[in-house]
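Asks: Numbering-wise (this note's numbering), the sequence shown opens with residue 62 and increments by one. Dropping a structure here in structure tokens format, bear with me for questions.
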Amino acid sequence: MSDIRRKISGSGSIGSLIRDRRGAVAVYIAIITPVMIGIGALTLDLGRVITLHSELQYAADSASLAGARELDRFDGAIKRARAAAAGAVTNIQTFAADGGGKEVAIVVTTDCAFPPVPPCVRFLKTLPADDDDPILPSDVTTKDDEARFMEVRVGARAVTNALIQIVTLGSGPSTISTVASAVAGNDQVICRIPPMFMCNPTEPDGNLDLELGVDLAVLAGVQMEMFHQGGTGQYTPGNFGLLCPTGTEGSPCGAGFVRDALASTTGTCVSLNVAETKTGVTLQMVRTGINARHDFYTPQAKTSDNIAWRTLDEFVPAANVTQGGKPPNNTQGNQTKCEYNDIMADVVNAAGQTEAEWIDADPINNTADNFVATGVEETATGFPRDQCINADNCATDGAVAGNQRIGDGNWDYINYYRINHGCDPFANPTCKPADWDGVTGAAGWPPTRYETYRYEIERTPEAIVMPSLIQNIYHPTDGNLITKTKEYGKDQCFQGPTPPVIPDYNYFPDAVRDLTLLKDRRIMPIAIANCNALESLGNKVSGKFTFKIPQFVYVFITEPMKTPSTSEIHAEILGELDEGAMRDLSHDLVQIYRR
62 MSDIRRKISG
72 SGSIGSLIRD
82 RRGAVAVYIA
92 IITPVMIGIG
102 ALTLDLGRVI
112 TLHSELQYAA
122 DSASLAGARE
132 LDRFDGAIKR
142 ARAAAAGAVT
152 NIQTFAADGG
162 GKEVAIVVTT
172 DCAFPPVPPC
182 VRFLKTLPAD
192 DDDPILPSDV
202 TTKDDEARFM
212 EVRVGARAVT
222 NALIQIVTLG
232 SGPSTISTVA
242 SAVAGNDQVI
252 CRIPPMFMCN
262 PTEPDGNLDL
272 ELGVDLAVLA
282 GVQMEMFHQG
292 GTGQYTPGNF
302 GLLCPTGTEG
312 SPCGAGFVRD
322 ALASTTGTCV
332 SLNVAETKTG
342 VTLQMVRTGI
352 NARHDFYTPQ
362 AKTSDNIAWR
372 TLDEFVPAAN
382 VTQGGKPPNN
392 TQGNQTKCEY
402 NDIMADVVNA
412 AGQTEAEWID
422 ADPINNTADN
432 FVATGVEETA
442 TGFPRDQCIN
452 ADNCATDGAV
462 AGNQRIGDGN
472 WDYINYYRIN
482 HGCDPFANPT
492 CKPADWDGVT
502 GAAGWPPTRY
512 ETYRYEIERT
522 PEAIVMPSLI
532 QNIYHPTDGN
542 LITKTKEYGK
552 DQCFQGPTPP
562 VIPDYNYFPD
572 AVRDLTLLKD
582 RRIMPIAIAN
592 CNALESLGNK
602 VSGKFTFKIP
612 QFVYVFITEP
622 MKTPSTSEIH
632 AEILGELDEG
642 AMRDLSHDLV
652 QIYRR
């Protein structure tokens, strides 16, 4: 018995066998090898499927992008999009062995049903807000002027699972199929503009035409009150609003960016087809942006890095900033704020003399005690407003009956030329300058405010409106010399490296409507919206809404927005952007929206 125990526990053959570990790895290998082969086979076959899907997706992307580029809303857009998608790129796939050939076919003759069965295409006017939401029949269109998106669905292609079949001894799937789809859209944008729109000022009540253009003939030389203090927030003909720059749509729609774009020489881009209005407009934001064009810089006129706008060429003012005001005595340095204050009228006696002039005329007998004030005399002025705007009766006397915002075109040009250009109405009752015809190419008289502005630039580009000892102010009825103008039309606050440039175009005698107008900083291209039609067709036009822009017009900003409590926007419409300007400013923003 003891011998047996010794043999088992000792170094005999049975003990050696129990302790022997040689060959144990082979067991693991025998177990793992089939698994590893299966994984390898699955990896290789799935890798080929993934590659195939990428190739199909590339084909769908290329075709949808090519098609979407043709969706310009003009007649034949959908037909051109189908042709472009079909011939976009010859896409070759690598691994499909289903008899479909090497080329990935783009079938554009079959429209997608519901649910869609590839291969097929369809054209969409809208997309669901969430990418996970399905496309609905209400999103689909067959109309050229509505199609904004093209969806391309590539038919299924299959990969043969050769290795999986071997590993599974034929029990696994013999093929794996994959499909691809892409939705691309063409959003036309217009760039280098301020993000502003205006409700068509000549749109009649009950209008249903979203494409109705502004009646420019009615508004020639007429001033508009685009923003009025105390408004209701409802968009009505002649009212203005702000737009979301492209890429900032949605809340909060880039508030600071909107302010900067109103002021800068580069402007921004907005969508032509789905322009979105910006809510939460602050008066100070608009005031800061527009006033920079007049050499009038508020405390908010600075970059996010606290660099004053008035030191940057991007925020250069207009070459002519005549406005009836003057900046602080010291405009040097890099301070952000540099605002103009109104030049106060002089208190004068019956002879039109100020107290100082009265005393200087006879220092012995004339004193402050015996100076008799009988009135006041303006010594500087910006462009006067239309008379019905001043009288607040434009609804009855204005160019557009019933519209309180549209002026009558009657402005006190006599007084403007008397104060700023030395006109003596007693000798020259019309105040038409002797060089008017030569400078303007015999433009009509009386002038518009914009024609006067251009005359000043063309005539005296080095000084615009001459200050002090150069231009006399005469009494309006007796021709007596009263004083000298205190108005000075050149920029005085701007401290940038490049001074304002005189726009290199001559407005006279033909009205220019091309891109050269954009070089003039007091001219702004404004989008038009037919707000009555939008409202009548069920679109709420108070707050945030979207619309297709039918037209752009140039407006001339006639004055800065000075005191915040009375700030308003006044402008003259110059005309419609011509076709060349629209073409040069417009761009196609073609991109993939969903897959």
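Positions of the beta carbon are idealized from the N, C-alpha and C atoms, including for glycine.
Just curious, the alpha helix (DSSP H) that residue 146 is in, first and last residue?
Replies: From DSSP, the alpha helix (DSSP H) with residue 146 extends over 138 to 147.
Asks: Beta-carbon within less than 6 Å of residue 305's beta-carbon, same chain only, minus the 5 sequence neighbours each way: which residues are those?
Replies: Correct list, in chain order: 314, 337 and 339.
Asks: Beta-carbon separation of residue 245 and residue 215 under 8 Å?
Replies: Contact: no.
Asks: Take every Cβ of the region 446 to 463, pair it with every Cβ of the region 579 to 588, and state whether three or more of those distances are shorter than 8 Å.
Replies: Flag = no, the region 446 to 463 and the region 579 to 588 do not touch.
Asks: Between the C-alpha atoms of residue 599 and residue 194, what's the straight-line distance to the nearest angstrom?
Replies: Straight-line Cα distance between these residues: approximately 25 Å.
Asks: Can you tell me whether residue 122 is helix, strand or coil according to DSSP?
Replies: Residue state, collapsed to three classes: helix.
Asks: Under DSSP, the alpha helix (DSSP H) around residue 449 begins and ends at which residues?
Replies: Per DSSP, residue 449 belongs to the alpha helix (DSSP H) from 448 to 452.
Asks: Mind checking which residues open and close the beta strand (DSSP E) that includes residue 498?
Replies: Run containing residue 498: none in the beta strand (DSSP E); it sits in the alpha helix (DSSP H), 497 to 501.
Asks: DSSP on residue 580, reduced to helix/strand/coil?
Replies: Residue 580 falls in the helix class under three-state DSSP.
Asks: Buried or exposed: residue 513, going by 16 or more other Cβ atoms within 10 Å of its Cβ?
Replies: The residue is buried, with at least 16 neighbouring Cβ atoms inside 10 Å.
Asks: So, at 7 Å on beta carbons, what are the nonlocal neighbours of residue 419 in its own chain, with the 5 sequence-adjacent residues on each side left out?
Replies: Correct list, in chain order: 410, 427 and 432.
Asks: Would you list the one or two residues that DSSP bridges to residue 399?
Replies: Its beta-bridge partners are 358.
Asks: Could you tell me how far apart the beta carbons of residue 143 and residue 128 are, in whole angstroms, since I believe they sit closer than 8 Å?
Replies: Right, the Cβ-Cβ distance comes to about 7 Å (below 8 Å), so this counts as a contact.
Asks: Between the Cα of residue 320 and those of 352, 333 and 298, spot the shortest distance and give me the residue it belongs to.
Replies: For the residues 352, 333 and 298, the minimum Cα distance to residue 320 belongs to 352.
Asks: My guess is that residue 535 and residue 613 are in contact by the Cβ rule of under 8 Å, so how many angstroms apart are they, rounded?
Replies: About 42 Å; that fails the 8 Å criterion.
Asks: Please determine, among 479, 491, 179 and 218, the residue with the shortest C-alpha to C-alpha distance to residue 543.
Replies: Comparing Cα positions, the closest option is 479.
Asks: Does residue 330 come out as helix, strand or coil in the three-state DSSP assignment?
Replies: Strand at residue 330.
Asks: Whole-angstrom Cβ separation of residue 552 and residue 389, contact assumed at under 8 Å?
Replies: Wrong, their Cβ atoms sit about 14 Å apart, outside the cutoff.
Asks: Please state whether DSSP places residue 645 in a helix, a strand or coil.
Replies: In the structure shown, residue 645 sits in a helix (DSSP, three-state: H, G or I).
Asks: Do you know offhand how far residue 366's Cα is from residue 173's?
Replies: Answer to the nearest angstrom: the Cα atoms are 52 Å apart.
Asks: Run through DSSP, which three-state label would residue 132 get?
Replies: Reduced to three states, the DSSP call for residue 132 is coil.
Asks: Which residues bound the alpha helix (DSSP H) around residue 346?
Replies: Unbroken alpha helix (DSSP H) run through residue 346: 344 to 352.
Asks: For residue 459, count neighbouring Cβ atoms within 10 angstroms of its own Cβ and tell me buried if that reaches 16, exposed if not.
Replies: Buried.
Asks: What does a CB cutoff of less than 8 Å around residue 506 pick up in its chain, not counting 5 residues either side in sequence?
Replies: Cβ neighbours of residue 506 beyond the five flanking positions: 491, 493 and 497.
Asks: In whole angstroms, what is the alpha-carbon distance linking residue 117 and residue 165?
Replies: Each residue's Cα considered, the two are about 7 Å apart.
Asks: Give me the Cα-Cα distance between residue 519 and residue 500, rounded to the nearest whole angstrom.
Replies: Distance between the alpha carbons of residue 519 and residue 500 is about 7 Å.
Asks: Would the region 133 to 147 and the region 258 to 269 be scored as touching if the rule is three or more Cβ pairs under 8 Å?
Replies: Counting Cβ pairs under 8 Å, fewer than three are found: no touch.
Asks: Compute the Euclidean distance between the alpha carbons of residue 213 and residue 563, then round it to the nearest angstrom.
Replies: When rounded, the distance between both Cα atoms is 51 Å.
Asks: What's the call for residue 332, buried or exposed, on a 16-neighbour Cβ count within 10 Å?
Replies: Classification for residue 332: buried.
Asks: For residue 66, which residues from the same chain have a beta carbon less than 8 Å from its beta carbon, with the 5 sequence-adjacent residues on both sides left out?
Replies: Interpretation of residue 66 is limited by its pLDDT of 49, a score under 50 that renders its predicted location unreliable; the figure taken from the coordinates is listed afterwards. Within the same chain, residue 66 has no close Cβ partners at all.
Asks: If you count every other CB in all the chains shown that lies within 10 Å of the CB of residue 71, and 16 or more means buried, which is it?
Replies: Any reading at residue 71 must be qualified, since the residue scores a pLDDT of 48, below 50, and its modelled position is unreliable; the value itself is stated next. That one is exposed.
Asks: Measuring alpha carbon to alpha carbon, tell me which of 124, 180 and 284 ends up nearest residue 471.
Replies: Answer by Cα proximity: 284.
Asks: State the start and end residues of the unbroken beta strand (DSSP E) segment that holds residue 185.
Replies: Residues 181 to 185.
Asks: Residue 661: buried (16+ other C-beta within 10 angstroms of its C-beta) or exposed?
Replies: Absent from the model: residue 661. The displayed extent of the chain is 62 to 656, so no value can be given.
Asks: Can you tell me which residues form a DSSP beta bridge with residue 243?
Replies: Answer is 213.
Asks: List the residues that DSSP assigns as beta-bridge partners of residue 192.
Replies: Partner(s): none; residue 192 has no beta bridge.
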